[in-house]
Amino acid sequence: MDTPLSRGCSYSPTDSFEYTALQFAVRRGSAEQVKYLIDSGTELDTGPDPALHLALRKRHCAIAQLLLQAGCDFEIKDSHGDYPIHIACTLGLLEIVRTLCSLGCSVEVPTAKGLFPLHLAAKNGHISVVRCLCAAGCNIDARNFDNIRADITALKYGHNDIAELLDRLRATGQRDVFARQLVPTSRPALRISLRLLGHCGVGKTSVIKSLGAGLFSSLFKRSSSLQSNKSRPSSPINTHIEMDVTSRQNSLSFESSANYQSTNGIHIQNMDISGVGDITVWEFSGQESYFPVYHHFLWPSPYTMTAILFSLDDSPSTQVQQVCYWLNFLLARQPADLPSAEYGKVLLIATHVDLTRAVKTQHGEWICPDAQKTLETARKLLPHVPNLMSTVIIMDSNVPASFAFKQLKSLLSGLRQDCIQDKGYVQYHKRGPYELITSQYSQQTVGTWTGLLENTLNWLVTLQKEYEQFPVLTRSTFAELLRNQINLLASDDHIQELLLQLHSMGEVFCIQYLVVISVPWLGSQLIGELLSTQFLLHARVTGVYTVEDFQASYNQCDALGVLDLLEALSLCVQCDIEGEIEYEFPIYNHTETIEGLWHAGDPRYCIDSACYGGVRLYTSPGICHLFNSIFPHIQVDLRKAVMFNYSINDSDTDLYQWHLGSKLCNLDLESLITLEEDERAAQFIEVKLRGPNETAKSCFYFLEQIMLTLSQSIYRVCPGLLVEKHILSPYELKVHSLNPFCYEPQYITSAMLEAESTLDLTLFNQNANILETIVQLIMFGDVELASNIQWGCALKIQDLPAPVKLKLCGLLDPPEAHGRDWCLLALRLGLCQEKIAALDSQHSSHTMRMLTTADCSIGALISSLHELDRLDAAEVVLRSAPVFKVLEHVNV
Numbered sequence: 001m002d003t004p005l006s007r008g009c010s011y012s013p014t015d016s017f018e019y020t021a022l023q024f025a026v027r028r029g030s031a032e033q034v035k036y037l038i039d040s041g042t043e044l045d046t047g048p049d050p051a052l053h054l055a056l057r058k059r060h061c062a063i064a065q066l067l068l069q070a071g072c073d074f075e076i077k078d079s080h081g082d083y084p085i086h087i088a089c090t091l092g093l094l095e096i097v098r099t100l101c102s103l104g105c106s107v108e109v110p111t112a113k114g115l116f117p118l119h120l121a122a123k124n125g126h127i128s129v130v131r132c133l134c135a136a137g138c139n140i141d142a143r144n145f146d147n148i149r150a151d152i153t154a155l156k157y158g159h160n161d162i163a164e165l166l167d168r169l170r171a172t173g174q175r176d177v178f179a180r181q182l183v184p185t186s187r188p189a190l191r192i193s194l195r196l197l198g199h200c201g202v203g204k205t206s207v208i209k210s211l212g213a214g215l216f217s218s219l220f221k222r223s224s225s226l227q228s229n230k231s232r233p234s235s236p237i238n239t240h241i242e243m244d245v246t247s248r249q250n251s252l253s254f255e256s257s258a259n260y261q262s263t264n265g266i267h268i269q270n271m272d273i274s275g276v277g278d279i280t281v282w283e284f285s286g287q288e289s290y291f292p293v294y295h296h297f298l299w300p301s302p303y304t305m306t307a308i309l310f311s312l313d314d315s316p317s318t319q320v321q322q323v324c325y326w327l328n329f330l331l332a333r334q335p336a337d338l339p340s341a342e343y344g345k346v347l348l349i350a351t352h353v354d355l356t357r358a359v360k361t362q363h364g365e366w367i368c369p370d371a372q373k374t375l376e377t378a379r380k381l382l383p384h385v386p387n388l389m390s391t392v393i394i395m396d397s398n399v400p401a402s403f404a405f406k407q408l409k410s411l412l413s414g415l416r417q418d419c420i421q422d423k424g425y426v427q428y429h430k431r432g433p434y435e436l437i438t439s440q441y442s443q444q445t446v447g448t449w450t451g452l453l454e455n456t457l458n459w460l461v462t463l464q465k466e467y468e469q470f471p472v473l474t475r476s477t478f479a480e481l482l483r484n485q486i487n488l489l490a491s492d493d494h495i496q497e498l499l500l501q502l503h504s505m506g507e508v509f510c511i512q513y514l515v516v517i518s519v520p521w522l523g524s525q526l527i528g529e530l531l532s533t534q535f536l537l538h539a540r541v542t543g544v545y546t547v548e549d550f551q552a553s554y555n556q557c558d559a560l561g562v563l564d565l566l567e568a569l570s571l572c573v574q575c576d577i578e579g580e581i582e583y584e585f586p587i588y589n590h591t592e593t594i595e596g597l598w599h600a601g602d603p604r605y606c607i608d609s610a611c612y613g614g615v616r617l618y619t620s621p622g623i624c625h626l627f628n629s630i631f632p633h634i635q636v637d638l639r640k641a642v643m644f645n646y647s648i649n650d651s652d653t654d655l656y657q658w659h660l661g662s663k664l665c666n667l668d669l670e671s672l673i674t675l676e677e678d679e680r681a682a683q684f685i686e687v688k689l690r691g692p693n694e695t696a697k698s699c700f701y702f703l704e705q706i707m708l709t710l711s712q713s714i715y716r717v718c719p720g721l722l723v724e725k726h727i728l729s730p731y732e733l734k735v736h737s738l739n740p741f742c743y744e745p746q747y748i749t750s751a752m753l754e755a756e757s758t759l760d761l762t763l764f765n766q767n768a769n770i771l772e773t774i775v776q777l778i779m780f781g782d783v784e785l786a787s788n789i790q791w792g793c794a795l796k797i798q799d800l801p802a803p804v805k806l807k808l809c810g811l812l813d814p815p816e817a818h819g820r821d822w823c824l825l826a827l828r829l830g831l832c833q834e835k836i837a838a839l840d841s842q843h844s845s846h847t848m849r850m851l852t853t854a855d856c857s858i859g860a861l862i863s864s865l866h867e868l869d870r871l872d873a874a875e876v877v878l879r880s881a882p883v884f885k886v887l888e889h890v891n892v
């Protein structure tokens, strides 16, 4: 055996009897063979050492779970007189102990040595198992054959924490109360959320105030609204939001004027709305400085409705542009491969209808064709937005008792009922005296009410007052306080599930190892202050702070605690510079770039044989202005990578950063990573790299490392963002052209599909009127690198980024007039409709299921789409599919 058991549960292997095929499979640890034998109907409990006992002694917990699910006998001894519960408690196999307890296993049976399961767990220091046994109803006063209780056994072997736990359970006499708190009930623990997005001045704050207004306040607000409308000279929207939709297609301004009081950060509040119930309302400021943290709060949830507000006082083109921006903003921050039901509902709300010529029906409903036209246009431009509702609510946000607010409340109430009826929570069927939640079900029980949740919600009020100045705890501190003040028997998994529930309800905010117990404080006081335009104006221009410097700038809380939280939010990074700790905030860095960072006259890179290359990352057409909120995270991750290299005594890497730019060097290899705009005002992240003669391989892998860091940063902030990779001309980089030619991915991929040999492919540079080879563009001229590359056309469909698949779903799922939709494409890819219909997939999209199933290359997909004359879908794949994939990454 790998780990011998204690004398209380001894085991020594014996060959005195023959093993069955099942026992041999168990000893080998082959779950596949065990499952096959179980399905074949083999006897599960044969021999003096049954298969379950053997699996537990070998610590093969997955196999043990298979056997228990198959109905093996867990109340029999093996050749050593031990029951499965004895082995599991001795070895600390918590999941097995939980399963056995939930199945009704006896926890009061002693071993041949007179040790009860509680004694075995206490002796070996398994406090989680002790909690589980106590929750399952074991006798904490049971004595072994030597008349010794389990707490004394724990003290004997130095496990004071277990002894203290048992003593406190005995002293309080509330063990049964604690155990009952852990049992899931049939009551749903649903709290739906309403999230409001939109530019400054569209009326988000007014909507929230009206939503929570009572009868008398509703009448007052309506009266004041009528008075204000009579005296209003012009719409504040025209002065607070500027959006040029003629000369600059991607121009968006999020700034409000000085006399406009916009929301600071994220305003979060719990509201009890008549006819709806208890909901959490999240108001996201339209100020752009706050956008870099919004991805932490825009997680997908079926319990959430996201409302995007726009003003009818703006021009129709501005309305469409704003709505599309926020739809793309939301879509980018949510994984693209989830089942559609997981995303929650998306609703458009048109405000300031009182400033238009819209008319009311006799029921008080506003009729405004422009609002519905905005929705229809947005749906046409973005057909792949999951759960975008087909109606738009038209309102005067200052009239709470209006038809529009009744409509909004009805939708919120309907969302709550849908979540309950669709069984967004799980009801457990008890199979023993105590039903215990196993970690594998934690995601499913987020909507299930427990006594632990109820008591914790009441306790949080006290805890928030106690930690009012800085309401942030580590997870370990939270767990310790919870056990001391609420429930001694709460296991790590119970607490993890509890935090998931509280997080989804908006009661706490969990990130990494920290728990923020006051989410309104986080959104309004911390983020609202530190990312406000006022704070940014007075921040250090370098963005670098010592702990003392930061304490002087923000003295509301202890600086170290705040810096830990900001680092967890990826707003800063800790740097150890020769023993001095500093924190770098790229979001505060407004240093101008200095001359000579990419000097054309550097002798190392002047010769013809020097290596040059680079890429530009664009968002797909129609998606604009999203890189601004991502780039600070890229700079944080670049600094983390450099600091990691320093930690392993690799001092060859150097990084210099300024406003929207970074220079990363590795020995003689230089790279520039910048955020820029082209002549069309389209944002792009540019990465250009150079190295001396005969450094092609190093340049290639250095660029790959940089691109990997960028990809990870983008994915962490915007996992649903569609990104295109354009290739810069090496020739024009070498001659330092101010605007080097950029090869678009669809041009490269199309040429690859037509070429007989990819390595012989040449592409025409329109700027320089020359031909450049694919080897020059991608491999810095070194053809040997091709052995470590797989070209994009040969990759499987499964290698397509998830946002590409989601966009294809929007294009191919709707029936097409000539039948050129997902169904005909599936046939061309070698699938039949019966196979797709039978596919076991949670995703409701036929196209997504087809892309998951089809066993063909990206090149074959593009060709099939062209044959179907679906050039729109083919263009999506051509622009966003990977041009190549590195098979084995090499560190430079």
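Read in the UniProt record's numbering, the sequence shown has 54 at position 54, and its numbers run on one by one without any break.
Every residue gets a Cβ at the ideal spot worked out from N, C-alpha and C, and that includes glycine.
It should be emphasised that the depicted structure is a prediction, and the values quoted were computed from it without experimental measurement.
Whole-angstrom C-beta distance between residue j and residue i, which should lie under 8 Å
i      : j      : result
His295 : Cys572 : Wrong, their Cβ atoms sit about 16 Å apart, outside the cutoff.
Arg870 : Arg820 : 5 Å
Ala70  : Ile38  : 5 Å
His633 : Pro335 : Actually they do not touch by this definition, with Cβ atoms about 17 Å apart.
Phe585 : Tyr545 : 7 Å
Ser880 : Val804 : 5 Å
Thr306 : Arg195 : 5 Å
Thr90  : Leu120 : 5 Å
Buried versus exposed call for residue i [16 or more other C-beta atoms within 10 Å across all chains shown]
i           : result
Trp299      : exposed
Ile420      : exposed
Gly41       : exposed
Leu215      : Annotation note: pLDDT 45 at Leu215 (below 50); position unreliable, coordinate value reported separately. Exposed, since its Cβ has fewer than 16 Cβ neighbours within 10 Å.
residue 918 : Only positions 1 to 892 of the chain appear in the structure, and residue 918 is not among them; the question remains open.
Thr246      : Unreliable placement is indicated for Thr246, whose pLDDT of 34 sits below 50; the coordinate value is still reported in the next sentence. Exposed, by the Cβ-count rule.
Tyr425      : Any reading at Tyr425 needs caution, since the residue's pLDDT is 40, under 50, leaving its predicted position unreliable; the model's value is listed next. Under this definition Tyr425 is a buried residue.
Ala258      : For Ala258, the pLDDT reaches just 47, beneath the cut-off of 50, and the residue's location in the model is therefore unreliable, although a value from the coordinates is still provided. By the neighbour-count rule (16 or more Cβ atoms within 10 Å), Ala258 is not buried but exposed.
Pro603      : exposed
Leu502      : buried
Gln469      : exposed
Ala552      : exposed
Ala189      : buried
Residue i: CB within 7 Å of a non-hydrogen atom of the ligand SAH
i      : result
Gln705 : Questions concerning the ligand SAH fall outside what the structure shown contains, since it holds no ligand whatsoever.
Residues that DSSP places opposite residue i in a beta bridge
i      : result
Gly613 : Leu689
Met271 : Ile279
Ala121 : Note: Ala121 sits in no beta bridge, so no partner.
His726 : Arg616
Gln322 : None, per the DSSP bridge assignment.
Asn666 : Thr653 and Leu669
Met305 : Leu194 and Lys345
Ranges of the beta strand (DSSP E) found wholly within the region 519 to 578, counting only runs of at least 3: 544 to 546 and 573 to 577
The region 160 to 173 / the region 262 to 279 touching (three or more Cβ pairs under 8 Å): no
Touch test, the region 284 to 295 against the region 629 to 639, Cβ-Cβ under 8 Å, three pairs minimum: yes
Three or more C-beta pairs below 8 Å linking the region 695 to 705 and the region 729 to 742: no
Start-end ranges of the beta strand (DSSP E) lying completely within the region 457 to 505, minimum 3 residues: 472 to 474
Meets three-Cβ-pair contact criterion under 8 Å: the region 807 to 826 and the region 787 to 799: no
Minimum length 3: unbroken beta strand (DSSP E) runs contained in the region 162 to 212: 192 to 197
Length at least 3, wholly inside the region 607 to 652: the beta strand (DSSP E) runs in chain order: 611 to 619
Inter-stretch contact at 8 Å, needing at least 3 Cβ pairs: the region 106 to 115 / the region 70 to 85: yes
The region 574 to 594 touching the region 532 to 545, judged by at least three CB pairs closer than 8 Å: yes
Secondary structure, beta strand (DSSP E): runs of 3+ residues fully inside the region 20 to 95: none
Uninterrupted alpha helix (DSSP H) stretches inside the region 787 to 869 (no shorter than 4 residues): 802 to 812, 822 to 828, 833 to 837, 846 to 853 and 858 to 867
Runs of beta strand (DSSP E) lying entirely within the region 350 to 423, each at least 3 residues, in chain order: 388 to 394
Segment contact, 8 Å Cβ cut-off, at least three pairs: the region 481 to 489 with the region 449 to 458: yes
Three-pair Cβ contact test at 8 Å for the region 196 to 207 versus the region 395 to 402: yes
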